[in-house]
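Residues 1450 to 1842 in this note's numbering are what the sequence shown lists, from first letter to last.
The beta-carbon is built from N, C-alpha and C at its ideal position, and this holds for glycine as well.
Heads up, the thing below is written out as structure tokens.
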Amino acid sequence: MLQKLPAEALVPPCDAAAMMLETRGSREDPPRVLALSYRWLTKEHPDPDGVQLGKVLGFLDEMVLAVFRSREEAATRAELDIGILWDYMSLPQHPRSATEQDLFLRGLKAINRVYGSRDRSLTLQCIGDPDGSHPYHQSGWCRFEEAVSGIGKTGSGLVAVGDEVPQGGLCFNNAVHAVDAHPGEAVLKATGLGEFAGRLRIRYMKLSPLHDWNQLCADMSTSRLPPIHPDEMARLLCSDEVAFTNQSDAQMVIQKYRDFFRKMADTIVRLEYGHRLLPSRSDKTATYAKVTWSPDQFRLLGQALGGGGLRNCKFLSLSGVNLDEAGARILADSLVKAVSLEEVMLPTHIRDTSLFALTTVVTSQPIDPDAIEFLSQKLTDSSLKVSYGDRPV
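This is the structure:
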């Protein structure tokens, strides 16, 4: 059955397709599609007490403002809408008629594109353990959604909110200035959303709403993890490390991931792991730091590249990864087996530098020179080009 939602809550298929096909004005602008990744808390209802809903609403409040602020030429409500992939409401649930079952299967085929889109969707993970018995990372579906989202997205395209929702809002800069009315105000008022338009009007006057949005995503972004080879994903989903609400989903999810990974393997020619943007309360300073991986995560990267996985990848950047000796030794054995790989960019010290006109990058994170030298020599001996990255992005 489909949930009983008002017609205005549903994004028409043509509008949803347009959201997934549109090109953003700049990389600072938010996408207009949000994919939710969260743990079902009961088999009958994923969120009976609205715990997950509270997390989502707080984030949506900021996302709506960012979309409103970035689309000053919008003339219709469809241009200001946000589409949400929320499985409980987006897909027919049990019991399903034959027609609804067909819709359900067709919807499942499409979710890879939504979670896995590089820059036309954003994935919000509701991590943690809301009721004390459903940890996010013990869900097979959640691990699938995280893996699919992580292959192509940058860190700010994969964000997470934990068990504690910030109180008092997520805004950082409350300074305001006089602005002309946003064209979208009239559009919203004409469709019965006058009160909502008024709230947006007040927040639209803020001096740096898009900075607040980008900083919010930086604060909430998760450390981007290495891609997972389909064989490793199959092992994980069949293990007792994860569970499915419907255990029969396991084999279907394994095949979905194989299909998605195979398509990505045909298109990915560059795999880049840059520095993570750290929390900041200034729109003039950005602080970056390297991401730290465990030995097992280096193993996953080596398996994905050297095990016949991402077979067309020619360039790998580890400039934002804190490479240690254990990781270097693991990669030394696996990267030389990546038949298409031509160049590997290794991390190095970052000097303070001006990234944008009013933004200074500040970081002071050392590297392990022995690990870098060891891996560099191994790669060079295998005729791979080695370069060094000294920029944070």
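Its chain contains Phe-1553 and Gly-1556 as the residues whose beta carbon lies nearer than 7 Å to that of Leu-1540, once the 5 sequence neighbours on both sides are disregarded; these appear in chain order. Only buried fits Glu-1594, as 16 or more other CB atoms lie within 10 angstroms of its CB. Comparing alpha carbon positions, the residue from Tyr-1537, Val-1505 and Leu-1509 closest to Ile-1531 is Leu-1509. Approximately 7 Å separates the beta-carbon atoms of Gln-1501 and Pro-1579; this is inside 8 Å, confirming the contact. Closest by C-alpha distance to Ile-1677, out of Gly-1643, Glu-1477 and Ala-1753, is Ala-1753. Judged by DSSP secondary structure, Glu-1822 falls within the alpha helix (DSSP H) whose first and last residues are 1818-1830. Gln-1587 and Met-1450 do not touch by the CB rule: their CB atoms are close to 28 Å apart, not below 8 Å. Just so you know, the alpha carbons of Met-1682 and Tyr-1706 end up roughly 8 Å apart. Per DSSP, reduced to three states, the secondary structure at Ser-1519 is helical. Exclusion of the five residues before and after Gly-1755 leaves Ser-1783, Leu-1784, Lys-1786 and Ala-1787 as the residues of its chain whose Cβ lies within less than 7 Å of its Cβ.
Gln-1574: member of the beta strand (DSSP E) spanning 1571-1575, first to last residue. Note on Thr-1491: under 16 other CB atoms within 10 angstroms of its CB, so exposed under the neighbour-count rule. Residue state for Glu-1549 is assigned as helix, using DSSP reduced to three classes. Boundaries of the beta strand (DSSP E) harbouring Lys-1834: 1834-1838, taken from the DSSP string.
Closest in C-alpha terms to Asn-1663, from the list Arg-1592, Ala-1527, Val-1505 and Ser-1475, comes Ser-1475. Per the coordinates, the alpha-carbon of Tyr-1487 lies some 14 Å from the alpha-carbon of Val-1691.
With a beta-carbon spacing of about 4 Å, Leu-1534 and Ala-1484 fall inside the 8 Å limit used to define contacts.
Annotation: the continuous beta strand (DSSP E) that includes Arg-1719 extends over 1719-1721. One thing to note: Tyr-1564 has its Cβ within 7 Å of the Cβ of Ser-1598. The Cβ atoms of Leu-1780 and Leu-1726 do not sit closer than 7 Å to each other. Contact between Leu-1750 and Pro-1815 does not hold, since their C-beta atoms are separated by about 22 Å, which reaches or exceeds 8 Å. DSSP places Ile-1533 inside the beta strand (DSSP E), whose first and last residues are 1532-1534.
Membership of Glu-1792 in the beta strand (DSSP E) is indicated by the continuous run 1792-1796. Per DSSP, Phe-1593 is one residue of the alpha helix (DSSP H) stretching across 1589-1601.
Pro-1480 places its beta carbon less than 7 Å from that of Arg-1569. With a beta-carbon spacing of about 12 Å, Tyr-1837 and Gly-1769 fall beyond the 8 Å limit used to define contacts. If the five residues before and after Leu-1637 are omitted, its C-beta is found closer than 8 Å to the C-beta atoms of Arg-1526, Leu-1529, Gly-1643, Phe-1645, Ala-1646 and Leu-1649, all from its own chain and listed in chain order.
Note: Ala-1738 is bridge-paired with Arg-1725 in the DSSP secondary-structure output. Secondary structure at Leu-1607: strand, using DSSP grouped into helix, strand and coil.
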